[in-house]
Amino acid sequence: MLHKIVFQDNLFQITRMLDVIKDGLNLDLSESIFADKMMRDILFFDAALQKLFNQIEPQSHLPDYIDTMNCLYFCIKKYMSVLKLILTEKLGGESIFNTEKTRIEGIYKKHQDFLGKINIDISDTNVENETYNIVSQNELSELLNLG
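Residue numbers (the numbering used here): 79 to 225.
Dropping the structure here:
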């Protein structure tokens, strides 16, 4: 239970922070004031989400694993939408993001791969849970022969 609280609290905080960054990207902010901070934030989110992925993924035994992985999926998807916004709308002129374009594209690809792994992990866990919950023919016979 502690892991659920910690993971989901961290994911919640990152999601809220991503909302602020995305809102800022939609404004006409001064790059001389905000661009370096946004780039540091992008790198922070990359490291934080990678760390959370590496901590959560191997814990498929947790009862709330699928819920936590779904939260991680949502958070990474939101992060990727911020990266996509930068790659499609914030490049050009003398933007700081021009010099970081290749790096941002690499980060985007890495997180795209994380989403694929999360989908596989969720599917595999669902199959394991379904198999675990199936009553065998022998078990069913025993249950029906109680009288």
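For each residue, glycine too, the CB sits at the ideal point set by N, CA and C.
{"Item": "For the alpha helix (DSSP H) that aspartate 114 lies in, which residues bound it at each end?", "Value": "109 to 134"}
{"Item": "Leaving out five residues on either side along the sequence, give the residues of the same chain with a beta carbon under 7 angstroms from the beta carbon of valine 84.", "Value": "none"}
{"Item": "How far does the alpha helix (DSSP H) with aspartate 145 in it extend, from its first residue to its last?", "Value": "143 to 167"}
{"Item": "Would you report the Cα separation of glutamate 198 and serine 110, rounded to the nearest angstrom?", "Value": "Before going on, a small fix: residue 198 reads as isoleucine here, not glutamate. Cα to Cα, the separation comes out at about 42 angstroms."}
{"Item": "Between aspartate 124 and the rest of its own chain, which residues show a CB-CB distance below 7 angstroms, the 5 nearest in sequence each way excluded?", "Value": "Ile185"}
{"Item": "Less than 9 angstroms between the C-beta atoms of valine 160 and leucine 103, yes or no?", "Value": "yes"}
{"Item": "State the Cα-Cα distance for the pair isoleucine 99 and phenylalanine 112, rounded to the nearest angstrom.", "Value": "10 angstroms"}
{"Item": "Could you compute how far the alpha carbon of aspartate 114 sits from the alpha carbon of isoleucine 164?", "Value": "13 angstroms"}
{"Item": "Helix, strand or coil for aspartate 106 per DSSP?", "Value": "coil"}
{"Item": "When the Cβ atoms of the region 116 to 132 are set against those of the region 175 to 189, are three or more pairs found closer than 8 angstroms?", "Value": "yes"}
{"Item": "Does the Cβ of methionine 79 have 16 or more other Cβ atoms within 10 Å, making it buried, or fewer, making it exposed?", "Value": "Because methionine 79 sits at a pLDDT of 47, beneath the cut-off of 50, its placement in the model cannot be relied upon, and the point is left open."}
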